[in-house]
Amino acid sequence: MPVFRELFNQARAQIREIDAAGAEEVLGSALFLDVREPDEYEQGAIPGSVHIPRGNLELQVEGRVPDRSVPIVVYCAGGVRSAFAAKTLAELGYEDVTSLAGGFNGWKDAGRPWAVPRALSADQRNRYQRHLLLPEVGEAGQQKLLDAKVLLLGAGGLGSPAALYLAAAGVGTLGVVDMDVVDASNLQRQVLHNMDRIGLRKVDSARQTLEALNPDVRVVTYDTRLGADNVLDVISGYDVVVDGTDNFPTRYLLNDAALLARVPVVHGSIFRFEGQVTVFAPYDGPCYRCFVPEPPPPELAPSCSEAGVLGVLPGIIGSLQAMEAIKILLGLGDTLAGRLLAYDALEATFRTFRMQRDPACPACGPDAGELVIAEYDQFCMPHPKEAPALA
Amino acid sequence: MTAVVRLPSQLRPLAGGRAELEVEGRTVGEVLAAAGGVCPGLTERLFDDAGQLRRFVNVFVAEEDVRFHSGLDTPVAPGGVVSIVPAVAGG
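Heads up: the protein sequence lines correspond to chains L and R, in order. The first sequence begins at 1 in this note's numbering and counts up one residue at a time. The second sequence begins at 392 in this note's numbering and counts up one residue at a time.
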């Protein structure tokens with residue numbers, strides 16, 4: 001029966017080792033795989049490493065590193081566990097694996113770059129466990145969400161479900177803009193609020209609900225009407241805006257400001273039993289004006305308060321907006337930029353339509369000129385540069 | 392050449408509540424004119440006085456916006472679907 005030393009020598013004979021100087025040369029191009037235990041990893045690691053403890057290697061590596069041709073430098077503390085790990089990786093079909101001789105300790109002692117990885121707390125690891133299981137999210141993705149800032153325009157029908165899911169997902173900063181107070185007629189669909197909150201400012205009710213749901217979330221409230229005087233200040237610094245406003249002038253105002261500030265907008269709108277969702281990626285896809293060059297006259301576009309809306313509808317559309325926001329934050333999949341997703345609740349159908357950038361768009365087209373942010377009337381036309389902005 | 396016109400909920404009362412109409416036509420203009428013929432009031436909702444599509448009404452043939460193709464002259468294949476998708480702003 002072989003003893004440890006024989007097993008180790010056998011493993012070393014079957015793998016390639018790389019010294020620290022050679023490994024540092026491929027830092028940035030090769031994938032560094034740390035196979036130490038979590039308590040070792042948390043005290044310091046090579047920056048950008050993927051961490052899979054040796055005991056979980058076979059179970060997790062195919063999900064975390066799906067490309068078997070990617071060059072991998074695997075390391076542990078001293079180069080023993082990584083030798084066995086490299087052998088296992090080769091057996092799993094990974095084509096270009098080297099084991100770091102001397103391990104992390106040798107690397108660190110030689111003064112090569114390392115850092116203390118940002119780690120989730122035990123509570124966070126538990127709370128976000130279902131995210132951490134997804135290779136597309138993982139710990140790095142969850143950290144991104146915790147660092148992300150999303151602005152919700154409106155704490156109403158669309159903003160309620162979007163805010164709840166974004167808070168639950170651990171988006172670290174949620175801005176909420178709303179100038180209304182909670183009314184009993186809101187509760188048929190605005191699930192952020194409840195009976196005890198009637199008469200309270202919506203932004204304060206939203207803060208109470210979201211902070212009770214997830215203490216990781218910082219809620220920034222804007223108890224104000226979004227206008228030309230404040231829109232740029234409000235949206236600047238956010239990674240994504242979720243548009244849950246309820247009128248055309250505000251949507252055009254947001255569009256022009258978001259183009260100026262280069263902030264992507266996840267658009268949602270609803271009418272009775274139908275909803276629309278899309279993503280406006282500034283100068284990378286169509287903008288709101290490319291899609292709706294002119295608003296309909298008010299008599300042809302009654303608001304939900306005039307025309308009614310089934311309460312579940314904003315729940316569905318707002319949830320889709322939250323999903324698109326998270327996809328943008330994490331760079332996941334294909335967003336709805338350039339596509340309109342239209343949901344018809346009565347037919348129970350989803351249809352997509354292609355949207356294009358309008359070369360003649362007065363806001364984002366090549367001849368658009370300088371955008372001026374100013375209050376819009378019912379016609380929502382962009383303002384020429386010399387137009388005075390109303391305060 | 393029968394095509395299908397899909398109506399949004401705002402316009403369905405003009406079609407007796409129906410969501411889809413089957414009409415004859417080879418282009419978007421012909422198809423929408425035929426739809427207007429069977430749905431009184433529809434033409435005024437879709438077209439301005441000059442006979443142009445109103446700019447807040449998006450019309451798609453299959454998934455394509457006719458504004459970026461040949462407008463009302465955009466061809467419609469037999470059995471093709473012409474969708475009227477109005478801008479809505481509710482939240």
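For every residue, glycine included, the Cβ atom is placed at its ideal position computed from N, Cα and C. On a predicted model such as this, the values are computed, not experimentally measured, just so you know.
Hey, would you say residue i sits closer than 8 angstroms to residue j, going by beta carbons?
| i | j | result |
| --- | --- | --- |
| V292(L) | F447(R) | yes |
| V177(L) | T224(L) | yes |
| C364(L) | L259(L) | yes |
| A155(L) | V219(L) | no |
| K149(L) | G175(L) | yes |
| Y41(L) | P161(L) | no |
| G482(R) | G315(L) | no |
| D344(L) | F273(L) | yes |
| A85(L) | R64(L) | no |
| I317(L) | G369(L) | no |
| F32(L) | V80(L) | no |
| A228(L) | E375(L) | yes |
| G420(R) | D464(R) | yes |
| E485(R) | V395(R) | Outside the modelled stretch of chain R, which goes from 392 to 482, sits residue 485(R), for which no answer is possible. |
| L340(L) | T278(L) | yes |
| T418(R) | P466(R) | yes |
| Y288(L) | Y238(L) | no |
| S394(L) | A77(L) | In the structure displayed, chain L extends from 1 to 391; residue 394(L) sits before or after that span and is not available. |
| S236(L) | A480(R) | no |
Name the chain L residues whose beta carbon is nearer than 7 angstroms to that of residue i?
| i | result |
| --- | --- |
| S461(R) | Within chain L, no residue comes near S461(R); the closest Cβ sits about 14 angstroms away, beyond 7 angstroms. |
| P399(R) | E274 |
| E421(R) | None at all; the shortest Cβ gap to chain L is about 21 angstroms. |
For the beta strand (DSSP E) containing residue i, list its first residue and its last residue.
| i | result |
| --- | --- |
| A394(R) | 393-397 |
| D39(L) | Counting along the chain, D39(L) falls outside any beta strand (DSSP E), though it belongs to the alpha helix (DSSP H) covering 38-41. |
| F447(R) | Counting along the chain, F447(R) falls outside any beta strand (DSSP E), and DSSP gives it neither H nor E. |
| G175(L) | 173-177 |
| T349(L) | 349-354 |
| I475(R) | 472-477 |
| R16(L) | 16-18 |
Identify the contact partners of residue i in chain R, using a Cβ-Cβ distance below 7 angstroms as the criterion.
| i | result |
| --- | --- |
| S303(L) | G481 |
| E347(L) | A410 |
| A342(L) | V476 |
Taking Cβ positions only, does residue i come closer than 8 angstroms to chain L?
| i | result |
| --- | --- |
| F438(R) | no |
| A441(R) | no |
| E413(R) | no |
| V476(R) | yes |
| D464(R) | no |
| R446(R) | yes |
| V473(R) | no |
Distance cutoff 8 angstroms, beta carbons only. Does residue i sit that close to anything in chain R?
| i | result |
| --- | --- |
| P401(L) | Residue numbering for chain L in the displayed model covers 1 to 391; residue 401(L) lies beyond these limits and cannot be assessed. |
| E386(L) | Reliability of the predicted coordinates at E386(L) is poor, the pLDDT of 47 falling under 50, and no value is obtained from them. |
| T352(L) | yes |
| F248(L) | yes |
| C380(L) | no |
| M323(L) | no |
| M179(L) | no |
| A391(L) | At A391(L), the pLDDT of 39 sits below 50, so the modelled position is not reliable; the number obtained from the coordinates is stated separately. No, no contact with chain R. |
| D377(L) | no |
| G154(L) | yes |
| V292(L) | yes |
Is the beta carbon of residue i within less than 7 angstroms of some heavy atom of the ligand FMN?
| i | result |
| --- | --- |
| G154(L) | Ligands are entirely absent from the displayed structure, and the ligand FMN is therefore not among its contents. |
Give the interface partners of residue i over in chain R, defined as CB-CB distance under 8 angstroms, in chain order.
| i | result |
| --- | --- |
| I270(L) | V479, G481, G482 |
| L158(L) | G482 |
| R251(L) | A480 |
| P295(L) | F447, A478, A480 |
| M355(L) | D456 |
Identify the continuous alpha helix (DSSP H) that holds residue i and give its terminal residues.
| i | result |
| --- | --- |
| F291(L) | 288-291 |
| P135(L) | Counting along the chain, P135(L) falls outside any alpha helix (DSSP H), and DSSP gives it neither H nor E. |
| P466(R) | Run containing P466(R): none; DSSP gives neither H nor E here. |
| S82(L) | 81-91 |
Just the chain L side, please: which residues come within less than 8 angstroms of residue i by C-beta, in chain order?
| i | result |
| --- | --- |
| E435(R) | In chain order: nothing, as chain L lies at least about 11 angstroms away. |
Starting from residue i, find everything on chain R with Cβ-Cβ shorter than 9 angstroms and list it in chain order.
| i | result |
| --- | --- |
| V309(L) | G481 |
What residues in the region 234-245 of chain L bring their beta carbon closer than 8 angstroms to a beta carbon of chain R?
D243, G244, T245
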